[in-house]
Amino acid sequence: MKVKEALRSFGTDYRDAELLLLHCLGRDERSWLIAHDHDELPTDIVEAFSSMSKERLKGVPLAYLLGHREFWSLKLKVTRDVLIPRPETELLVEWAAELASHHDLQSMLDLGTGSGAIALAVQHDLPHLSVTASDVSELALRVARENAENLGLPVEFVESSWFDALAKRRWALIVSNPPYVAADDGHLLEGDLRFEPNTALTDEGDGLSSIREIASNAPDHLEAGGWLLIEHGYDQAADVRSILELNGFSKVSLRHDLAGRPRVTGGCWQC
Ligand code: GLN
Numbered sequence: 008m009k010v011k012e013a014l015r016s017f018g019t020d021y022r023d024a025e026l027l028l029l030h031c032l033g034r035d036e037r038s039w040l041i042a043h044d045h046d047e048l049p050t051d052i053v054e055a056f057s058s059m060s061k062e063r064l065k066g067v068p069l070a071y072l073l074g075h076r077e078f079w080s081l082k083l084k085v086t087r088d089v090l091i092p093r094p095e096t097e098l099l100v101e102w103a104a105e106l107a108s109h110h111d112l113q114s115m116l117d118l119g120t121g122s123g124a125i126a127l128a129v130q131h132d133l134p135h136l137s138v139t140a141s142d143v144s145e146l147a148l149r150v151a152r153e154n155a156e157n158l159g160l161p162v163e164f165v166e167s168s169w170f171d172a173l174a175k176r177r178w179a180l181i182v183s184n185p186p187y188v189a190a191d192d193g194h195l196l197e198g199d200l201r202f203e204p205n206t207a208l209t210d211e212g213d214g215l216s217s218i219r220e221i222a223s224n225a226p227d228h229l230e231a232g233g234w235l236l237i238e239h240g241y242d243q244a245a246d247v248r249s250i251l252e253l254n255g256f257s258k259v260s261l262r263h264d265l266a267g268r269p270r271v272t273g274g275c276w277q278c
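With the first letter of the sequence shown counted as 1, position 250 gets the number 257 in my numbering; the numbers rise by one all the way through.
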């Protein structure tokens, strides 16, 4: 089967087909496909491509099939053990990096790091910041550690359910993209979310319980004048604001993602 034919044969979106075929060929450049559209493909490549295309048609996220996703211009390995990094989470990275550089902060903790996306992106931009990243999932931490190694970034990883294994430690900045989708939210049954680890998406409750837990314990782990930034759902901004205020945070403010949706709320401890 020729390259050109293969790309149209298995019914996946054309752009996805291109990326999957390049992946099977061990190549990166789309231009190769265009230049070689009349090349005959080896049978084993056609078989591998056909089986990945079938998975894609069943809805398996492209990032899991390719095994990586770009985030903050970093190529991150992803497996089914971690949430696929989303573009809207770059807002959290942007805000964290801005706070750290403007206030000359020395340390940051990323709670529930998953693939390591947030911690690694901030560390990449601010090499002098001391960055710690935690996750309750040992499998997720394996992926995050591998990403840190591939990128040569010195993030410290700790296995911990929120703050449980971090007793007595303090940071100048704490960030998190916790599971905030409510258990009865229909989105869990749609698109990529169907294939992502449930524990990374939902608290199996009202969507705010992880945020409550983080906000109520963060004061024991923040330096005076430190900041807590939390990603949340588009309709949770008012709730997250009151959770932060209830726990004694001040200067509580909200930022919107590129799609204009309320996405990250932050507050300052003892400001
Ligand atoms: N932003 C994700 C979504 O698309 C949810 C991620 C999370 O729960 N932290 O629903």
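Yeah, the Cβ is synthetic: ideal placement off N, Cα and C, and Gly gets one too.
{"Asked": "Would a C-beta distance cut-off of 7 Å place V100 and A126 closer than the cut-off?", "Found": "no"}
{"Asked": "Would a C-beta distance cut-off of 7 Å place G274 and L251 closer than the cut-off?", "Found": "yes"}
{"Asked": "The alpha helix (DSSP H) spanning T50 covers which residue range?", "Found": "T50 to L64"}
{"Asked": "How about G123 and A104: are their beta carbons less than 7 Å apart?", "Found": "no"}
{"Asked": "Please find out if some non-hydrogen atom of the ligand GLN comes closer than 6 Å to the beta-carbon of R93.", "Found": "yes"}
{"Asked": "Tell me D6's beta-bridge partners as DSSP assigns them.", "Found": "The requested residue 6 is not part of the displayed model; the chain covers only 8 to 278."}
{"Asked": "Which residues mark the beginning and the end of the alpha helix (DSSP H) in which L28 is found?", "Found": "Y21 to L32"}
{"Asked": "What does the Cβ neighbour count give for R268, buried or exposed, with the cut at 16 atoms within 10 Å?", "Found": "exposed"}
{"Asked": "Can you tell me the Cβ-Cβ gap for A231 and T209, rounded? I've got them flagged as a contact below 8 Å.", "Found": "Wrong, their Cβ atoms sit about 34 Å apart, outside the cutoff."}
{"Asked": "Could you compute how far the alpha carbon of P94 sits from the alpha carbon of F78?", "Found": "7 Å"}
{"Asked": "From this set, S216, K82 and E97, which residue's C-alpha is nearest R270's C-alpha?", "Found": "E97"}
{"Asked": "Using the Cβ count rule (16 or more neighbours within 10 Å means buried), how would you classify C31?", "Found": "buried"}
{"Asked": "Whole angstroms are fine: how far does the CA of H239 sit from the CA of S168?", "Found": "19 Å"}
{"Asked": "Would you be able to state if there are at least three C-beta pairs under 8 Å between the stretch 62–74 and the stretch 33–40?", "Found": "no"}
{"Asked": "Run the CB neighbour count on R76, radius 10 Å, all protein chains shown included, and call it buried at 16 or more, exposed below.", "Found": "buried"}
{"Asked": "Can you round the beta-carbon distance between L173 and H228 to whole angstroms, since I take them to be within the 8 Å contact cut?", "Found": "6 Å"}
{"Asked": "Starting from K11, trace the alpha helix (DSSP H) in both directions and tell me its first and last residue.", "Found": "V10 to S16"}
{"Asked": "Residues in the same chain with beta-carbon distance under 6 Å from A225, minus the five sequence neighbours each way, listed in chain order, please.", "Found": "I181 and L235"}
{"Asked": "Which value, in whole angstroms, describes the spacing of the CA atoms of M115 and Y21?", "Found": "41 Å"}
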